[in-house]
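Chemist: Going by this note's numbering, the residue at position 4 of the sequence shown is 4; the numbering climbs one at a time, nothing skipped.
Quick reminder that beta carbons are idealized off the backbone N, C-alpha and C, glycines included.
Treat the numbers as computed from the prediction; the structure is a model and nothing was measured.
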Amino acid sequence: MAGEKNFERRDAIGQGVKGSLIMGGVGSILSGVQNSLAKQNIGAMGVITRTGGTIAIFGMLNAVPAEEADG
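1) Under the rule that 16 or more other beta-carbon atoms within 10 Å means buried, what is N35, buried or exposed?
2) S31 and V17 - do their beta-carbons sit closer together than 9 Å?
3) If you draw a straight line from the alpha carbon of A38 to that of F7, how long is it in whole angstroms?
4) What does the Cβ neighbour count give for G25, buried or exposed, with the cut at 16 atoms within 10 Å?
5) How would you label T54, buried or exposed, when you count the other beta carbons within 10 angstroms and need 16 or more for buried?
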C-alpha cells in the first residue's frame with residue numbers, strides 16, 4: 001500500500017528527557033536575557049527566582065505532542 005508505514009521502536013522516556021533538557025536550556029538562556037533586560041537590579045539569582053517561570057514553560061513545551069509530517 002502507498003501510505004503504509006513500518007513500526008519503528010523508539011525510547012519514549014529517553015527522548016522525552018532529552019527534549020526537556022534541550023528546551024530547558026533554551027528557557028534558561030531566555031530567562032537570562034529577561035533578567036539582563038530588567039529595569040531594576042534583580043541580581044544573579046533573579047534568573048531562577050524572578051524569571052524562572054520561563055525555564056519551566058520551555059521545559060514543559062516538549063510534553064506537548066506534535067504530529068509528524070508525512071514526507
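Modeler: Let me lay it out:
1) Taking the first residue of the sequence shown as 1, we reach residue 35 at position 35. Buried, since its Cβ has 16 or more Cβ neighbours within 10 Å.
2) Working through the sequence shown from its first residue, we reach residue 17 at position 17. Working through the sequence shown from its first residue, we reach residue 31 at position 31. Contact flag unset, no.
3) One-based indexing of the sequence shown puts residue 38 at position 38. One-based indexing of the sequence shown puts residue 7 at position 7. Cα to Cα, A38 sits roughly 49 Å from F7.
4) The count along the sequence shown starts at 1 and reaches residue 25 at position 25. Classification for G25: exposed.
5) As a position in the sequence shown, residue 54 is number 54, starting the count at 1. T54 should be labelled buried.
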